[in-house]
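FYI, in mature numbering (1 follows the signal peptide of the UniProt record, and there is no 0) the residues of the sequence shown are -23 to -1, 1 to 110.
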Amino acid sequence: MKAMRIAILTMLAIGLVFSGVFAADVAKGKALFNDPKLGGGTSGKSCNSCHPDGKGLTGGKKEYVTPAPGGKKKIHKNLEGAVNWCIEMALKGKAIDPKGGDMANLVAYINSLKGEMPMKKEMPKKKKAIEGC
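Here's what the structure looks like:
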C-alpha cells in the first residue's frame, strides 16, 4: 500500500513538472503575433497587420473562415489551420507545426482575446517617405 502511494505521488509530481514545461504561453503568443518573420514570412507583415491588437479574432469556434482568391471563403476546421493559412497567404511564409510550441503559444494568445471585433478590411498600405521639410 505504501509503495502504491509513493508511485502515485511520484507520477503526480512528474505530471506537475512537465505541465509547466509544455504549457502554452500567452505572452510568447503575442510576441509571435507581432513578428513579421513568423513562419519565415517575407511580406513584412505580421498577424497584427491585418488584426491590430487581435481585432477580428476570437478562439473557441467550431470553424474559422478566411478570405480566399476570387472573393470566396475558405473554411478551416480548427484555429491552427486558419493561422497557417494566414502565415502562408498574408505573411508569405511556411506553415508552422500545428502541434508545436509556437502554434500552442499563438493559439493561447488568440484564445485569450475577448469578444468579436471587426477585422480590418484592407491590408495596410506602405507609407511613402516624405522628402524634405
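All residues carry an ideal CB built from backbone N, CA and C; glycine is no exception.
If you're wondering where the values come from, they're calculated on a predicted model, not measured in any experiment.
Paired residues, beta bridge with residue i - DSSP
| i | result |
| --- | --- |
| Tyr41 | His53 |
Cβ shell of residue i (< 7 Å), same chain only, five flanking positions each side left out
| i | result |
| --- | --- |
| Leu56 | Gly36, Tyr41, Val84, Ile87 |
| Asn82 | Ala1, Asp2, Lys5, Gly6, Leu9 |
| Gly48 | none |
| Ala59 | Tyr41, Thr43, His53 |
Inter-residue spacing [alpha-carbon to alpha-carbon] between residue i and residue j
| i | j | result |
| --- | --- | --- |
| Leu68 | Thr43 | 14 Å |
| Ile73 | Lys(-22) | 46 Å |
| Met(-20) | Lys22 | 55 Å |
| Gly16 | Lys71 | 5 Å |
| Ile(-18) | Asn11 | 46 Å |
| residue 111 | Ile(-16) | Given that the chain is displayed from residue -23 to residue 110, the structure contains no residue 111 and the question cannot be resolved. |
| Lys38 | Gly78 | 21 Å |
Contacting residues, own chain, Cβ-Cβ under 8 Å from residue i (five flanking each side not counted)
| i | result |
| --- | --- |
| Cys63 | Cys24, Cys27, Thr43 |
| Thr19 | Leu68, Lys69, Gly70 |
Secondary structure of residue i, DSSP reduced to three states
| i | result |
| --- | --- |
| Ala1 | coil |
| Gly48 | helix |
| Ile(-18) | helix |
| Leu83 | helix |
| Ala59 | helix |
| Ala8 | helix |
| Ala72 | coil |
| Leu15 | helix |
| Ser89 | helix |
| Met(-23) | coil |
| Phe(-6) | The predicted position of Phe(-6) is uncertain, since its pLDDT is 47 and thus under 50; a value taken from the coordinates is nonetheless stated next. Helix. |
| Gly78 | helix |
| Gly21 | coil |
Residue i beta carbon near the ligand GDP (any heavy atom closer than 6 Å)
| i | result |
| --- | --- |
| Gly70 | Summarising the ligand content, the structure contains no ligands, and the ligand GDP is consequently not present. |
6 Å Cβ shell around residue i - same chain, five flanking residues per side excluded
| i | result |
| --- | --- |
| Lys50 | Val42 |
| Asn61 | Ala72 |
Beta carbon proximity, residue i to chain D, threshold 7 Å
| i | result |
| --- | --- |
| Ala4 | No chain D is present in this structure, which holds just one protein chain. |
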